[in-house]
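Data first, discussion second: the structure below is written as structure tokens.
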Amino acid sequence: MHQNTTRATRPATRRAATSRLSTGRPPTRRRAITLGALAALGAITAFAGSAHGATVDAGDYTRLPDGTNLAVLYYQHVEGKRLYRQGDQLSGNARLTAEVGILRAVRFVDVGDVTVIPQFLLPFGRLRSGGDLSGLSSANGIGDLIFAPTVHLMKDPERKRAFAITPWIYLPTGQYDRDKALNAFGENRWKLDMQAGYITPLSDKWTLDLVGDVVWYGRNSDFGGTGATMRQAVSYQAQAHLRYHVAAATHVAGMLSHEWGGETRVDGLGQGDDQRRTKGLLSIGHFVSPTVQLLGSYGRDFSVRTGLKEDHRFNLRLVKVF
């Protein structure tokens with residue numbers, strides 16, 4: 001919380017960049033920037049986590065009592081170096097590292113048998129590039145504000161099941177500069193991610209979380225140095241989380257996610273950057289007190305069709321219940 005690299009390059013330029021990559025010549029600034037353009041959505045999906053669906057943590061769709069408030073702080077460190085386009089590796093030295101923080105405020109409100117959960121998220125952080133992406137330098141910034149009013153439609157405290165729908169609404173409030181080859185987190189467009197989540201216990205110790213996303217994108221009418229218009233096709237994501245409850249206050253979990261779709265078009269020209277990305281995450285969560293939880297995770301991409309492949313992801317989350 002899943003913000004745009006410049007990708008408004010002409011087709012001939014992209015072909016030339018691919019040819020240079022295959023020769024193994026030393027990187028130049030122009031080549032590095034073209035590499036950043038080729039990374040397109042993939043680099044941002046991997047590092048800012050916003051170009052496709054919102055990846056959640058196990059247990060995020062748990063229904064809590066009316067009046068419960070949560071203050072949440074996230075820290076994410078992500079790094080990768082292998083750049084792909086349509087399944088072919090273009091570079092093994094396209095280095096990008098992200099340090100991301102997210103502030104999140106949540107409140108549970110019962111309205112009859114339905115629980116409504118208004119929440120706001122604000123990402124911020126820094127991206128640093130190197131190797132074949134060294135020409136992109138670094139970028140710091142505050143991301144697009146996210147409003148996510150979850151609606152719980154199932155009330156089943158005895159069986160501890162939950163079903164909810166969340167419209168993740170991304171507002172174009174983040175820092176964005178079309179003349180920069182690398183924008184840290186601002187996308188300069190509206191976005192809607194309709195997400196549904198279902199939780200069901202499998203036994204006293206095991207719980208399964210299933211989550212699906214469909215994402216619609218607004219257009220960016222100020223894309224790249226020429227101020228081109230960028231549009232993006234609908235994208236999808238499916239997530240499965242399996243939790244094992246070690247004790248009442250402690251759990252471990254594994255997550256598998258697959259994303260697909262989302263090809264972009266710049267001034268009507270298809271970029272051939274539709275995504276297929278499979279990733280995994282292992283987590284451990286523990287309540288250090290009745291109202292404070294710590295969660296740590298490690299993950300990586302297993303396969304990427306287009307973009308930068310995550311080699312390592314470290315997530316930390318602090319939750320305060322009040």
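So for the sequence shown, UniProt numbering puts the first residue at 1; every next one is plus one. Think of the CB as a built atom: it goes at the ideal place given N, C-alpha and C, for glycine as much as any other residue.
I need the DSSP call for Val321, collapsed to helix, strand or coil.
Position 321 of the sequence shown holds residue 321. Three-state DSSP puts Val321 in a strand.
List the whole-angstrom C-beta distance separating Pro172 from Met194, where the pair is believed to meet the contact cut-off of C-beta under 8 Å.
Numbered from 1 along the sequence shown, position 172 holds the residue referred to as residue 172. Numbered from 1 along the sequence shown, position 194 holds the residue referred to as residue 194. Not quite, the Cβ-Cβ distance comes to about 18 Å (not below 8 Å), so this is no contact.
With DSSP as the reference, label Leu41 as helix, strand or coil.
Numbered from its first residue, the sequence shown carries residue 41 at position 41. Because the pLDDT of Leu41 is 33, which lies under 50, any placement of that residue in the model is unreliable, and the question is left without a value.
Looking at C-alpha atoms only, which residue of Phe163, Ser297, Arg277 is the closest neighbour of Ser283?
On the sequence shown, residue 283 is found 283 positions in, with the first residue counted as 1. The candidate whose alpha carbon is nearest that of Ser283 is Ser297.
Am I right that Leu281 and Leu318 are in contact with their C-beta atoms under 8 Å? What's the rounded C-beta distance?
The residue given as residue 281 occupies position 281 in the sequence shown. The residue given as residue 318 occupies position 318 in the sequence shown. 18 Å between Cβ atoms; not a contact.
Please state whether DSSP places Ser203 in a helix, a strand or coil.
The sequence position of residue 203 within the sequence shown is 203, counting from 1. Three-state result, Ser203: coil.
Along the chain, where does the beta strand (DSSP E) that runs through Thr68 open and close?
In the sequence shown, the residue the question calls residue 68 occupies position 68. Thr68 -> no beta strand (DSSP E), and no H or E assigned at all.
Quick one: what's Lys191 bridged to in DSSP?
Your numbering for residue 191 matches position 191 in the sequence shown. DSSP, once it has assigned bridges, lists Tyr170, Tyr217 as partnering Lys191.
Along the chain, where does the beta strand (DSSP E) that runs through Val252 open and close?
Locating residue 252 in the sequence shown gives position 252, where the first residue counts as 1. Start and end: 250-261.
Buried or exposed: where does Gln89 fall if 16 or more other Cβ atoms within 10 Å of its Cβ makes it buried?
Translated into the one-based positions of the sequence shown, residue 89 becomes position 89. Per the 10 Å Cβ criterion, exposed.
Ile165 versus Asp213, Leu269, Val78, Arg313, residue with shortest Cα-Cα distance:
Sequence index remark: in the sequence shown, residue 165 carries index 165 (1-based). Ranking Asp213, Leu269, Val78, Arg313 by Cα distance to Ile165 puts Asp213 first.
Out of Gly59, Val288, Ile102, Ser129, which has the shortest C-alpha to C-alpha gap to Leu308?
As a working note, residue 308 is residue 308 in the sequence shown. Checked all of Gly59, Val288, Ile102, Ser129; the closest Cα to Leu308 is Ser129.
Exposed unless 16 or more other CB atoms sit within 10 angstroms - verdict on Phe223
Indexing the sequence shown from 1 puts residue 223 at position 223. Burial call: buried.
Answer with buried or exposed for Glu158, where buried requires no fewer than 16 other C-beta atoms within 10 angstroms of its C-beta.
Along the sequence shown, read from residue 1 onward, the residue named residue 158 stands at position 158. Classification for Glu158: exposed.
In whole angstroms, what is the alpha-carbon distance linking Thr150 and Gln119?
Counting from one through the sequence shown, the residue named residue 150 turns up at place 150. Counting from one through the sequence shown, the residue named residue 119 turns up at place 119. If you draw a straight line from the Cα of Thr150 to the Cα of Gln119, it comes to about 8 Å.
Euclidean distance between Cα positions of Gly261 and Val215:
Your numbering for residue 261 matches position 261 in the sequence shown. Your numbering for residue 215 matches position 215 in the sequence shown. Spanning the two alpha carbons is a distance of roughly 10 Å.
Going by the CB atoms, is the gap between Val100 and residue 336 shorter than 7 Å?
One cannot answer for residue 336 here, as it falls past the ends of the chain, which runs 1 to 322.
Does DSSP put Arg29 in a helix, in a strand, or in coil?
Position 29 of the sequence shown, counted from the first residue, corresponds to residue 29. Because Arg29 sits at a pLDDT of 40, beneath the cut-off of 50, its placement in the model cannot be relied upon, and the point is left open.
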